[in-house]
Every structure is written in structure tokens, then in C-alpha cells.
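Only one structure is covered here, and it is reproduced in the block below.
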Amino acid sequence: MAGTFEFVNVARPGDVKRHSTQIRRHVMKDIGKARRKPRPKKHREIILGEPDVADAEKDDEERGDASRVLSRQSPLRDGSLHTVEFPINMDEERMGLVRFMVDEARAYYRPFRFPWLSMGLSDAAAWHITLANAALFRSDPCKKKKGEFTSSVEAMKWYTMSLASVTKRLADPVASDSEGLVIAVTGFVCHDSSIGNFDRFRVHMEGLKRIVEKRGGLEALSNPFLRLMISWLDISGATYLNAKPRFGVPEGSIREVDVGTDSPYLERLLASWDANCSSLGDIMSAMKATAAVANYINRRANDSDFWTDDVTAARLLGPAFHEILCLEGRALPADPEDPLYSGTAAREAFRRAALVFLAAVKIRMGAGAYEMERHLDAFRQISQLPLVSWNTVPELNLWAHIVSAMQEESPSRAWHVLTIVGIMESMGLQTGRQALDIARGIIWVDAIDDGKSELLCREIDNYLEASVSPHLDDVSVDSRLDLLSADVDPSANSGGNGDHPVY
371 MAGTFEFVNV ARPGDVKRHS TQIRRHVMKD IGKARRKPRP KKHREIILGE PDVADAEKDD
431 EERGDASRVL SRQSPLRDGS LHTVEFPINM DEERMGLVRF MVDEARAYYR PFRFPWLSMG
491 LSDAAAWHIT LANAALFRSD PCKKKKGEFT SSVEAMKWYT MSLASVTKRL ADPVASDSEG
551 LVIAVTGFVC HDSSIGNFDR FRVHMEGLKR IVEKRGGLEA LSNPFLRLMI SWLDISGATY
611 LNAKPRFGVP EGSIREVDVG TDSPYLERLL ASWDANCSSL GDIMSAMKAT AAVANYINRR
671 ANDSDFWTDD VTAARLLGPA FHEILCLEGR ALPADPEDPL YSGTAAREAF RRAALVFLAA
731 VKIRMGAGAY EMERHLDAFR QISQLPLVSW NTVPELNLWA HIVSAMQEES PSRAWHVLTI
791 VGIMESMGLQ TGRQALDIAR GIIWVDAIDD GKSELLCREI DNYLEASVSP HLDDVSVDSR
851 LDLLSADVDP SANSGGNGDH PVY
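If you count by the numbering used here, then the sequence shown holds residues 371 to 873, one letter each, in order.
In C-alpha cells form, the structure reads like this:
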């Protein structure tokens with residue numbers, strides 16, 4: 371009914387004129403309502419990785435607007451699944467899988483879960499790969515290490531449907547240019563990275579790169595989180611493969627960190643590099659970027675929410691990883707008497723130690739770090755190079771060996787301890803505590819220590835008390851000395867085998 375009746379009492383003909391104003395107002399009321407457009411309801415925007423409004427205003431200058439990457443509410447935030455628009459028909463069985471996703475996400479933190487759900491809802495193939503991952507997790511109630519889709523019939527069904535959709539669209543000149551396709555292929559890359567299948571990862575990532583370039587590059591994508599996610603996955607593969615990233619650092623990354631007076635010791639050490647250390651000149655920016663990450667974290671380490679702020683973590687770590695991975699590889703001179711011999715070895719030691727350090731940060735933030743063992747193994751080989759003088763910037767060499775040794779288990783770090791003791795003797799240090807204090811003054815995050823430094827300190831002191839001197843020249847060395855950055859696998863960015871679309 372358009373409106374309600376309103377009765378006017380007219381006793382005499384002259385009363386009509388007296389009531390005319392009241393009559394006109396009543397008639398025009400419904401006409402006015404029909405003409406007026408309803409005001410849209412205001413919904414509070416859910417911002418991933420951001421505090422409440424009051425806190426956001428207080429911290430806005432430091433964090434900026436870049437973490438506000440979600441323009442619509444995540445379906446997992448309030449559990450209102452009946453209001454969600456799904457890209458495929460959802461029956462009760464499928465909704466049961468979504469409800470599991472909701473409950474599981476609330477019980478177990480995994481980086482990028484919430485923003486991915488919003489992206490997955492934008493495309494049918496992307497939603498299929500999302501359901502495949504949910505089915506995979508549901509098939510493993512013990513929450514063991516994530517496996518391949520083939521380990522679950524239900525997961526394999528959804529994965530196959532997503533794969534078929536992507537393959538079909540890749541053959542269509544129009545559909546192959548859609549952002550939804552980019553999201554779906556990103557889902558493949560994300561799964562490969564999460565289980566450590568980097569052979570298949572390379573195939574999907576290379577295909578993703580071609581699709582993104584066809585659309586005009588990473589910054590041409592409309593979804594800011596999608597840009598960040600692709601860059602983060604690219605970096606994850608590059609760190610594992612010890613290769614340069616395919617994509618640049620996306621807009622909104624935390625490139626500049628005001629370190630203030632947080633790293634005075636490191637600044638003095640870097641300032642001491644002169645013509646006598648020409649091999650180290652180009653690594654300064656990478657060391658400063660790593661120090662900036664440490665300083666940023668140390669100012670927020672006591673905030674429990676920081677360690678589950680996945681978007682800020684990616685924005686922070688991405689630029690530092692880029693600086694390190696984009697360093698040009700250098701061949702180690704064959705002659706130990708070459709003036710560049712020890713400097714080149716030290717440069718690679720610093721580079722690998724920085725990657726180990728950032729991998730430890732990733733682990734603390736709940737992300738996987740399959741690259742850790744590879745960089746530790748490479749550092750072990752560098753540490754065992756014959757006739758290297760670790761007195762080239764001894765403080766940084768001490769830091770590099772301590773950072774790497776902390777991530778090793780005894781007895782794997784015995785050689786590290788011997789080298790550390792040798793560097794300490796050249797510096798006149800007498801206790802493990804003195805050595806640890808120097809390392810702490812360079813680049814350090816207590817939150818990733820977890821008691822490891824105390825154990826290492828005791829091992830160092832035990833060697834010193836036993837008067838064990840590191841006769842490095844007399845110890846047999848590892849013959850695998852071909853993993854310096856100059857010897858990156860040339861196939862690191864080439865294709866591999868596995869089930870995947872032909873890009």
C-alpha cells in the first residue's frame with residue numbers, strides 16, 4: 371500500500387478551503403517519498419592488519435594507508451555466510467566445507483587466510499582452489515604438514531575443476547586477460563609455495579608472470595592485496611631458489627624505516643668500509659635494509675597482534691629480501707692470495723646470513739621458510755673455505771657466523787663455533803657474552819632468539835675454557851664450494867614438471 375487514508379471532517383462547503391493545506395500535504399507526502407532515492411546503508415570497512423579506528427588514527431602516520439588492502443568485508447570476520455555472494459552454486463555439502471573453513475581459520479592462524487578468502491570469492495576457479503585447500507585441511511584433523519591435493523579425493527575434485535577452468539580460459543584470447551584468472555593462478559602458486567613444491571611453483575609462477583605482463587604489469591592490477599600477494603609469493607620462490615625476483619617491490623611496501631639511533635654500531639661499521647674493502651661496497655644497502663626490518667620489529671615486538679599482521683609483514687620484509695636477492699653474484703677468485711678473495715667470501719657470508727635472519731623472522735610470524743636449510747648449508751660451505759681471513763670487518767663476520775650458528779643444531783655448528791672463537795681471538799674478546807653483545811649491536815631481534823643465543827654462548831665458553839684453538843688451515847674442507855651467489859642454478863626461473871596448465 372502506497373500510504374494510509376486520512377479523514378477530514380467537512381461540515382460546510384466553506385470548510386474545504388480551510389482544510390486544503392492539510393489535504394495537499396497529505397497527497398504530496400507519498401509523491402515525495404516515491405521521488406526520493408533511498409540512502410545507501412553505511413557499512414564499516416574491514417581493514418586487514420589494521421587496529422580499530424582510534425588506534426589507526428594514532429598510528430596512521432607510521433603505518434600509512436597501504437595496509438588497508440581490503441575494500442570489502444571478509445566472509446570470515448563476522449560469520450554471516452548467508453550474506454556472502456558466492457561465485458558458484460553452493461549446496462549444503464559445499465556450505466559445510468565453508469563452515470569448516472570459518473571454524474578452522476578462527477582456531478588456527480595461517481598468514482593471508484582472511485584476505486585470500488575475499489579474493490577467492492571473486493572468481494569461480496579461484497573459489498574452487500580455495501575449497502580444495504579447505505578440503506585438504508579437513509582431511510587432516512591432526513594438523514600435520516600440508517600435502518598434495520592427491521592425498522584427498524575431495525580436494526582433488528575441487529583442484530581438477532579449478533585446473534579445467536583455468537586451462538579453458540587460457541585458450542580464450544578474451545578470458546585469458548581477466549583479473550579473475552590472475553587470482554586463480556595465484557592460488558596455484560600459493561599452494562605450491564606452501565608445500566615446498568618449487569619445481570611446479572616455477573611453472574605456475576612463470577605462467578602468472580606472462581598473464582600479469584599481458585595486463586600491463588603488477589601495478590596495473592586493480593586489487594592491492596593481489597599485487598602484494600603475487601610479490602610475496604615471488605619472493606618466497608626466489609629466496610628458496612637463490613634467484614632474483616621476477617616482479618618489483620609493489621607500491622605500498624614499507625621501504626623507508628626511520629631507524630633513528632637504533633643502529634649506531636652498524637652505521638659506524640659500514641662507514642669504515644673503504645677502498646680496502648671494495649668487495650663489500652654494494653652490499654651496504656642490503657645490510658641497512660635488513661637492519662631496518664630488525665628495528666621496525668623491535669619497536670613492536672611486545673604487541674601480540676603484530677605477529678599475526680601478515681600484510682604488514684609482507685610489506686616490511688619484501689623490500690629487504692629484494693635488496694639482498696638482487697645483488698649480483700661474484701665468482702670467488704681461484705687464488706687465495708688475491709686481494710678480493712677474503713672480501714668476496716665475506717660478502718657472500720653476509721648475504722646468506724641476512725637471508726637466514728629474515729627466514730627466522732618469517733618463521734616467527736607463522737610463515738613457512740623452506741629456504742632456511744638451503745642457506746644454512748651454503749653458509750656452512752662458505753665458512754669452510756680455505757685460507758679466508760675473517761678479519762675483514764671482523765665484527766660483521768662475527769655477526770654472520772653467530773646468526774647462522776643460532777639456527778643450527780649441535781654438532782652441525784661445531785665449525786661455526788671454532789670460527790667464532792678464531793674471530794674473537796683476533797678481536798681480543800674473551801667470553802661468549804662479549805661476542806653475543808657485539809652481534810646484538812649490529813642486527814638483532816630478541817623475539818626470534820628463543821634461548822638459542824644462551825646455548826650458543828655456553829658452547830663458545832666451553833671451547834674457550836678447553837683452550838681449543840681453531841686451526842682452520844689444517845682442517846679438511848667441504849668439497850662443495852660451488853654454491854656462492856655467482857653459481858645460482860641457471861634453471862631457477864625455468865619450467866619444471868607436474869600437473870599444470872600450459873601457459
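Even for Gly, the Cβ is constructed at its ideal location relative to N, Cα and C.
Through-space distance from residue j to residue i, alpha-carbon basis
i, j, result
"R722", "A534", "40 Å"
"A505", "A608", "29 Å"
"E502", "E637", "A small fix is needed here, since residue 502 is Ala in this sequence, not Glu. Approximately 49 Å between the Cα atoms of the pair."
"V439", "A836", "Bear in mind that the predicted position of V439 carries a pLDDT of just 39, short of 50, making it unreliable; the figure below should be weighed with that in mind. Distance between the alpha carbons of V439 and A836: 57 Å."
"I812", "M657", "10 Å"
"P485", "F595", "7 Å"
"P511", "V627", "41 Å"
"N612", "E698", "11 Å"
"T682", "G618", "17 Å"
"V872", "T530", "15 Å"
"T500", "L487", "8 Å"
"A641", "M797", "19 Å"
"A701", "L766", "21 Å"
"E518", "E718", "35 Å"
"W760", "S712", "7 Å"
"I752", "G651", "19 Å"
Check whether residue i and residue j have beta carbons under 8 Å apart
i, j, result
"Q804", "W785", "no"
"L588", "P620", "yes"
"L344", "I581", "The structure shown has nothing for residue 344, since the chain only spans 371 to 873."
"I793", "P764", "yes"
"V536", "V559", "no"
"V787", "E829", "yes"
"L928", "F691", "The structure shown does not extend to residue 928, since the chain spans only 371 to 873, so no value can be given for it."
"A809", "W769", "yes"
"V773", "V815", "no"
"D547", "K579", "no"
"I624", "R685", "yes"
"S521", "G738", "no"
"R734", "I818", "yes"
"N904", "E549", "Outside the displayed range of the chain (371 to 873) lies residue 904, so it cannot be described from this structure."
"C696", "K822", "no"
"P706", "T714", "no"
"V731", "L687", "yes"
"A494", "I553", "no"
"H870", "H498", "no"
"P603", "R597", "The sequence shown places Leu at residue 603, rather than the Pro named in the question. Contact: no."
"R469", "A475", "no"
Backbone secondary structure at residue i - three-state DSSP
i, result
"S546", "helix"
"F482", "coil"
"P871", "coil"
"L591", "coil"
"L826", "helix"
"W814", "coil"
"V726", "helix"
"A534", "helix"
Environment of residue i [buried if 16+ CB atoms lie within 10 Å]
i, result
"H452", "exposed"
"Y610", "buried"
"R572", "buried"
"A724", "buried"
"E693", "buried"
"D820", "exposed"
"M465", "exposed"
"E778", "buried"
"P918", "Residue 918 is absent from the structure shown; the chain starts at 371 and stops at 873."
"E741", "buried"
"S532", "buried"
For this session: Starting from the N-terminal side, write out each stretch of the alpha helix (DSSP H) that is 4 residues or longer and does not extend beyond the stretch 493–529.
Result: 494–508
Problem set entry | Segments of 4+ residues assigned as alpha helix (DSSP H) that fall wholly inside the stretch 762–806 | 764–776, 784–797
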